[in-house]
Amino acid sequence: MGFSMRLPPNPLGSTIRRSLPSGTKKHIFLIDRHPLIREWLTDVLNKEADTMVCGEAAGAMTAMRGITAGNPHGVIMDLILDDGSGLDLIEQILFRRPRIAILVLSAHDETYYADRVLRAGAKGYISKTEPTRKIVAALRCVLQGRVYLSRASAQ
């Protein structure tokens, strides 16, 4: 059983967590401009038996540095970032790390953005209005290589 230790933000702006061996836990990197969302997701995912947060960022530039350093299995990200477009960032991440599973968690209209997110290469889209258990289930789905869409956007 492992645990992660949160280090103070690095000079580049992202927070990277160094972790001790954690068995089969999937490492997740969080990208959202709202600290509250990143803190909530960190608490939720670190309590799960199969996931742990390995880093976080508010913007695209710091996210790319953190993802390169942390080499996560998955990313949960919003579309609106401090310094750029989430759609562009999806393509950048997958260009450098094509095996990373990306789940977009956003408050924007799913019927409009879900198709765009999938075309950019993300594996799923879920609304911030969904309950926590559905967000965790969506993350597990994309980590298994499957596509996740809610019923509303799948129609």
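Counting with the working numbering, you get residues 1316 to 1470 for the letters of the sequence shown. Ideal Cβ positions, reconstructed from N, Cα and C, are used throughout, including at glycine.
> Cβ atoms of GLY1436 and VAL1462: under 8 Å apart, would you say?
Replying inline: no
> Which class does THR1339 belong to by DSSP, given the choice of helix, strand or coil?
Replying inline: coil
> Whose C-alpha, out of GLY1381, LEU1402, SER1400 and SER1465, is nearest the C-alpha of ILE1280?
Replying inline: The question about residue 1280 has no answer here: the residues shown for the chain are numbered 1316 through 1470.
> Can you tell me the Cα-Cα spacing of MET1392 and THR1339, whole angstroms?
Replying inline: 22 Å
>> Nearest by alpha-carbon distance to THR1444: which of VAL1457, VAL1419 and ARG1434 is it?
In response: VAL1419
>> Within 10 Å of its beta-carbon, does ALA1452 have 16 or more other beta-carbons around it, so buried, or fewer, so exposed?
In response: exposed
>> One question on the structure: do LEU1394 and HIS1349 come within less than 8 Å of each other, judged by their Cβ atoms?
In response: no
>> Once DSSP output is grouped into helix, strand and coil, what is the label at GLY1385?
In response: helix
>> DSSP three-state label for LEU1345, please.
In response: strand
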